[in-house]
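The working numbering puts the first residue of the sequence shown at 171, with every later residue one more than the last.
Report on one structure; see the data block that follows.
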Amino acid sequence: MKPVRVTTLLWMLLLVLGLGAARNGSPEEASFYYGTFPLGFSWGVGSSAYQTEGAWDQDGKGPSIWDVFTHSGKGKVLGNETADVACDGYYKVQEDIILLRELHVNHYRFSLSWPRLLPTGVRAAAEQVNKKGIQFYSDLIDALLSSNITPIVTLHHWDLPQLLQVKYGGWQNVSMASYFRDYANLCFEAFGDRVKHWITFSDPRAMAEKGYETGHHAPGLKLRGTGLYKAAHHIIKAHAQAWHSYNTTWRSKQQGLVGISLNCDWGEPVDISNPKDIEAAERYLQFCLGWFANPIYAGDYPQVMKDYIEGRKSAEQGLEMSRLPVFSLQEKSYIKGTSDFLGLGHFTTRYIMERKNPSRQGPSYQNDRDLIELVDPNWPDLGSKWLYSVPWGFRRLLNFAQTQYGDPPIYVMENGASQKFHCTQLCDEWRIQYLKGYINEMLKAVKDGADIKGYTSWSLLDKFEWEKGYSDRYGFYYVEFNDRNKPRYPKASVQYYKKIIIANGFPNPREVESWYLKALEICSINNQRLAAEPLLSHMQMVTEIVVPTVCSLCVLITAVLLMLLLRRQS
């Protein structure tokens, strides 16, 4: 078998090399569009509670599944890191708001910690609400608004209360939908007078797949081919319940919007003249984006998912029941239309081709799709194994979502690049190039007619990156995690993104080029400051030790001399 496998891999490599050569320099990729976004377009940055806050057991917060996951043994997170302290954001709200003001953002997307607000996860009585948690987020929202920064609030970004996992099995249990609705109602009640943009779930596909299929994320379950579909089914129901609750109880008073944020890479057919590759690319998108978006916008799972999981795969595996759960007619009607906007997260692109020999390795999400993902070696490699800079895929995904889901208002909720080669330089030219390319393709999508309302770059700070610990850095601000004070330092991309925001786009070639040069000039100065920081910290530590010691000695010597003087006089 080995020679066949090697031959196949060589053939694929040659195919992709040829494809890259054929498609490089196409007008769509090469042309840069100078222009501006519509008036009122909202620019922002994002973060999430577990990745940044720290204070994991402070002020009444209950444990989350991620607290338990990272504390429960070696090998689950790179370097056995935890987010017990993370960026120490719980204690640095005012400092981080200064950074947001420095960026000139219009909005800040952050998430609420469910176990910080409801330590048990359940709102059965008033005493089960953590008042200190309510106060923390209330103060954060007020501080943002006083700085003219709009809060965009995510209700759940993966940090489920541990007690709900222990008692009910987490998202494997349909009762989670009602517990989530109760939690959402608490948030609408406490913060809805000031928060007008709500996201129910952030990237639920990753939460379901990595938490309940591969086990790479909390709660670490490996229920291959079944667990993720059941979790997703209950998440969709939970989203719908939260939306309906807002719509019937809070919307008339608060006049806000409720949506969901779905992450998806673009899938491009390897051979655009081959119907099988075109079908495979469509299948890739439906299993990625359509899995959650189709029920919300059309009332049911994509037909291709039902055909492949209910039909082909379950039959091949000798199963009497489909592994893909089924919505009742009443549920379809209840779920359809439960989004005031579509949140999209996007980072990169893949070439897609049909798998000619379907996998017989048993049920799994990856095998259910019957496709092969490829990358072009000519694409810029940003350091992460999965993240390549392919700006043109962003425009295509935005236009696909616009067409597929009936022209919804779109907010880009996540888009960004991680640190290259784990270096500590602040001159992140590759992130500048990534931002320039991707934002420009988004501008083209706006010109195509996509109704894009805002853009959230990911992320404000370097932070805990789930199973990768602190190895991947997505932040505009470098965080020195080895320093107990967790100081923040601006990268070059801060200056560049700020200029895009102020200009509301790309006015002309000369001005855009000047942004790049200025950003690199400033980051060189900041690099020198960062390099000097260990010496300054050492001097501070020495001062903290030496000065009190010297003072104590002085006092002691003075006392001895005084005693000697008094003895002589007597």
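Cβ atoms here follow ideal geometry from the backbone N, Cα and C, with glycine treated the same way.
- Ala219 sits close to His327, with the two beta carbons spaced by under 8 Å.
- DSSP places Val255 outside both helix and strand once states are collapsed to three, so it counts as coil.
- Restricting attention to beta strand (DSSP E) runs no shorter than 3 residues, the region 379-426 encloses none.
- Going by beta carbons, Asp258 and Lys656 fall inside the 8 Å limit.
- Judged by their CB atoms, Asn300 and Gly224 are not nearer to each other than the 8 Å cut-off.
- Annotation for Pro321: the continuous beta strand (DSSP E) segment containing it runs 320-326.
- Relative to Gly586, the option among Asn527, Tyr535, Ser663 whose CA is nearest is Ser663.
- About 5 Å separates the beta carbon of Ser372 from that of Ser431, a gap short enough to meet the 8 Å contact definition.
- CA-CA distance, Thr240 to Gln332, rounds to 12 Å.
- Inter-residue distance for Arg421 and Gly507 is about 15 Å (C-alpha atoms, whole angstroms).
- Counting other Cβ atoms within 10 Å of its Cβ, Ile311 reaches 16 or more and is therefore classed as buried.
- Under the Cβ criterion (8 Å, minimum of three pairs), the region 694-701 does not count as touching the region 624-643.
- Of all C-beta pairs linking the region 495-510 to the region 394-411, three or more are shorter than 8 Å, placing the two stretches in contact.
- Here DSSP, grouped into helix, strand and coil, assigns Lys638 to helix.
- With respect to Ser308, Phe361 sits close: the two C-beta atoms are nearer than 8 Å.
- Membership of His241 in the alpha helix (DSSP H) is indicated by the continuous run 235-241.
- Taking C-alpha positions only, Asp540 is separated from Arg286 by approximately 41 Å.
- Cβ contact annotation for Leu568 (same chain, cutoff 6 Å, sequence separation greater than five): Ala615, Ala620, in chain order.
- As summarised for the region 264-346, the continuous beta strand (DSSP E) elements at least 3 residues long and confined to that stretch are 277-281, 320-326, given in chain order.
- With a threshold of 16 other beta carbon atoms within 10 Å, Thr370 meets it and is buried.
- DSSP lists no beta-bridge partner residue for His516.
- Of the other Cβ atoms in all chains shown, fewer than 16 fall within 10 Å of the Cβ of Arg530; this residue is therefore exposed.
- If you draw a straight line from the Cα of Met612 to the Cα of Lys668, it comes to about 17 Å.
- Within the same chain, Cβ atoms closer than 7 Å to the Cβ of Asp447 are found at Pro439, Val440, Asp441, Ile522, Met523, Glu524, the five residues on either side in sequence being excluded.
- In the structure shown, Asp447 falls within a helical segment according to DSSP collapsed to helix, strand and coil.
- Boundaries of the beta strand (DSSP E) around Tyr659: 658-660.
- Phe676 carries a strand assignment under DSSP once its states are collapsed to helix, strand and coil.
- Per DSSP, reduced to three states, the secondary structure at Phe497 is coil, with no helix or strand assignment.
- Leu544: member of the beta strand (DSSP E) spanning 541-544, first to last residue.
- Secondary structure within the region 549-609: the alpha helix (DSSP H) runs of 4 or more consecutive residues, fully enclosed, are 561-574 (chain order).
- If you compare the alpha carbons of Gly563, Ile542, Ile479 with that of Phe517, the shortest gap goes to Gly563.
- Straight through space, the alpha carbons of Gly395 and Ile580 are spaced by roughly 31 Å.
- Its chain contains Tyr640 as the residues whose beta carbon lies nearer than 6 Å to that of Phe651, once the 5 sequence neighbours on both sides are disregarded; these appear in chain order.
- In this structure, the beta-carbon distance from Pro679 to Tyr204 falls below 8 Å.
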